Each structure stands twice: as C-alpha cells, then as structure tokens.
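Visitor: Just dropping this structure here.
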Amino acid sequence: MLLSEDKETRRKLLDSARQEFLAKGYMKASLRTICKNVGVTTGALYFFFQDKEDLLKNLVEEPLNELVSMLQRHLSDELGMETAYVSLEGDSEDIRVARELVHYMYQHFDVFQILLTKSQGSAYEDIVSRFADLLEEHYSLLADQITERLGVPKPDQYMIHWLSHIQIDAFIHLLTHEPDEEKAVRHIEGIVVYLISGWNGLFASRT
Numbered sequence: 074m075l076l077s078e079d080k081e082t083r084r085k086l087l088d089s090a091r092q093e094f095l096a097k098g099y100m101k102a103s104l105r106t107i108c109k110n111v112g113v114t115t116g117a118l119y120f121f122f123q124d125k126e127d128l129l130k131n132l133v134e135e136p137l138n139e140l141v142s143m144l145q146r147h148l149s150d151e152l153g154m155e156t157a158y159v160s161l162e163g164d165s166e167d168i169r170v171a172r173e174l175v176h177y178m179y180q181h182f183d184v185f186q187i188l189l190t191k192s193q194g195s196a197y198e199d200i201v202s203r204f205a206d207l208l209e210e211h212y213s214l215l216a217d218q219i220t221e222r223l224g225v226p227k228p229d230q231y232m233i234h235w236l237s238h239i240q241i242d243a244f245i246h247l248l249t250h251e252p253d254e255e256k257a258v259r260h261i262e263g264i265v266v267y268l269i270s271g272w273n274g275l276f277a278s279r280t
C-alpha cells in the first residue's frame with residue numbers, strides 16, 4: 074500500500090496530467106511538464122505509472138467504466154419493456170436516466186472533456202464510436218422486438234445507426250458548449266423528448 078506521502082504525490086501527478094491533457098491534448102502533453110508542475114523528476118513518475126497512456130488510463134478509466142455501467146443498466150431495462158413505443162408521459166424513465174448521465178458527466182467534467190475532445194493518439198481516441206456502436210447494437214435489438222409486436226417492417230439499419238450517433242452527439246454538444254450543469258439538464262430533457270418522438274415515429278409510420 075502506498076504511504077501517505079506517495080498517495081499525495083500520485084494525486085498531484087494525476088491532477089497535473091489532467092490540466093496538461095486539457096490544455097494540450099494527449100498527443101502533445103508532456104510528461105516533463107506534468108512532473109515539473111508537481112516538483113518531481115520524470116523518473117519519479119515511473120514509480121507510479123508505466124507511461125503516458127497509463128497515466129491517462131488512471132485518470133479516466135474509473136469514471137468511464139461507471140458511466141458505461143449506468144448506461145448498460147438502462148439499456149438492459151429498456152429491452153425488458155412490454156410496450157411497443159417509448160413513453161413520453163410524465164417524468165419518463167428515459168428523461169430520468171438522461172438527467173443522471175448528465176449529472177455524472179458534469180461531476181467528472183474535465184475527464185469527459187479529455188475523453189471526448191483531447192484523447193487523439195491514445196487508446197481512447199475512438200471512444201465516441203464505441204458508445205455509438207453500443208447504442209446501435211441495442212437499438213437494433215429493440216427495433217426487432219418492437220417490429221415483432223407491431224407486425225411492421227424493421228426500420229432501415231442506416232436510420233438506427235444515425236439515431237445512435239445523434240444521441241451521442243447530443244451529449245457531446247452539451248459538454249462542449251454548455252458549462253452550466255443546471256442548464257444542461259434542462260436541455261437534455263428537451264433533447265430526449267425530441268429523440269423519443271423520432272424513434273416512435275419510425276414505427277408509427279409503418280403501421
């Protein structure tokens with residue numbers, strides 16, 4: 074187990090790395106600068122981290138994994154629905170989950186800024202595509218269930234792919250354009266209503 078002083082040094086290195094990644098992006102971030110801002114040598118950094126990639130991993134992996142878990146729990150619940158259309162009545166489950174996701178992302182605002190806009194050249198540079206692929210796989214399965222219940226043709230895969238990407242883009246746009254979490258939550262509520270209406274409309278047009 075790390076001594077108290079070592080834990081503090083590690084924390085400072087991660088904080089310095091966070092600032093460096095935000096300022097310069099992963100590719101241009103300098104380990105020398107990260108260490109200089111903490112007052113340690115570059116050699117000292119390797120006591121805690123293998124390399125720059127490992128430094129980034131230790132900074133972002135825990136918040137990222139938790140966000141993915143939150144999303145997967147919701148998607149699993151959604152596949153268990155018995156209704157053909159997603160409800161927009163009252164405070165819908167989709168809106169509630171969207172609020173939770175936004176709140177969590179704003180709690181870790183810098184981490185998700187780095188992942189979404191500063192991770193080029195790292196193992197996380199395709200993170201947007203990973204999320205989009207996760208949603209596309211889910212919505213394709215959900216579309217199978219809905220079309221079977223309604224007895225209508227399944228929407229074109231291109232539309233499912235497109236809807237998956239614009240949903241991810243909506244969250245990215247919030248994080249990169251709206252620094253105020255309270256306003257972001259209000260925005261996401263309207264965005265979810267819009268997205269659900271479009272999703273339901275894909276099936277309504279076929280009945």
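Going by my numbering, the letters in the sequence shown line up with residues 74 to 280, in that order. Think of the CB as a built atom: it goes at the ideal place given N, C-alpha and C, for glycine as much as any other residue. The structure presented is a predicted model; accordingly, all values stated were derived computationally and were not measured.
(1) Which same chain residues, not among the five before or five after M74, have their C-beta less than 7 angstroms away from its C-beta?
(2) Tell me, to the nearest whole angstrom, how far the beta carbon of D167 is from that of V265; I am working on the premise that it is less than 8 angstroms.
(3) Closest to G194 by CA distance: which of Y99, F94, V225, K125 is it?
(4) Please list the terminal residues of the continuous alpha helix (DSSP H) segment that includes Y212.
(5) Does DSSP classify M74 as helix, strand or coil?
(6) Just to confirm before moving on: does the CB-CB distance between S202 and I233 stay below 8 angstroms?
(7) Use the C-beta contact count for A90: other C-beta atoms within 10 angstroms, 16 or more gives buried, fewer gives exposed.
(8) Does DSSP put K227 in a helix, in a strand, or in coil?
(9) Report the rounded CA-to-CA distance for Q230 versus H246, giving the unit in angstroms.
(10) Which word fits Q240, buried or exposed, when buried means at least 16 other C-beta atoms lie within 10 angstroms of its C-beta?
(11) Could you tell me whether the region 115 to 126 touches the region 136 to 144, where touching means 3 or more Cβ pairs closer than 8 angstroms?
(12) Taking the alpha carbon of F276 as the point to measure from, which residue in A216, G263, E254, T249 has its own alpha carbon closest?
(13) How many whole angstroms separate the CB atoms of L87 and N131, which I take to be in contact at a CB cut-off of 8 angstroms?
(14) Our contact map puts E254 next to H181 with C-beta atoms below 8 angstroms; I'd like the distance itself, whole angstroms only.
(15) Where I261 and L152 are concerned, what is the direct C-alpha to C-alpha distance, given to the nearest angstrom?
(16) Among residues of its own chain, excluding the 5 on either side of Q186, which ones have a beta-carbon nearer than 7 angstroms to its beta-carbon?
(17) Would you kindly check if the distance between the Cβ of I200 and the Cβ of L295 is under 8 angstroms?
Guide: For this structure:
(1) The predicted position of M74 is uncertain, since its pLDDT is 43 and thus under 50; a value taken from the coordinates is nonetheless stated next. None.
(2) Confirmed, Cβ separation roughly 5 angstroms.
(3) Residue Y99 is the option with its Cα nearest to G194.
(4) Per DSSP, Y212 belongs to the alpha helix (DSSP H) from 200 to 223.
(5) With a pLDDT of only 43 at M74, under the threshold of 50, the placement of this residue in the model should not be trusted; the figure read from the coordinates follows. Here DSSP, grouped into helix, strand and coil, assigns M74 to coil.
(6) The answer is no: Cβ separation not under 8 angstroms.
(7) A90 comes out buried.
(8) Judged by DSSP in its simplified three-state form, K227 adopts coil rather than helix or strand.
(9) Their Cα atoms are separated by approximately 24 angstroms.
(10) In this structure Q240 is buried. Its beta-carbon is surrounded by 16 or more other beta-carbon atoms within 10 angstroms.
(11) No, because fewer than three Cβ pairs between the region 115 to 126 and the region 136 to 144 fall closer than 8 angstroms, the two stretches do not touch.
(12) Answer by Cα proximity: A216.
(13) Going by Cβ atoms, the distance from L87 to N131 rounds to 6 angstroms, so yes, they are a contact pair.
(14) The Cβ separation is near 12 angstroms, so there is no contact.
(15) Distance from the CA atom of I261 to the CA atom of L152, rounded to whole angstroms, is 22 angstroms.
(16) So the qualifying residues of the chain are L95, L248.
(17) Because residue 295 is not part of the residues shown, which for the chain are 74 to 280, the question remains open.
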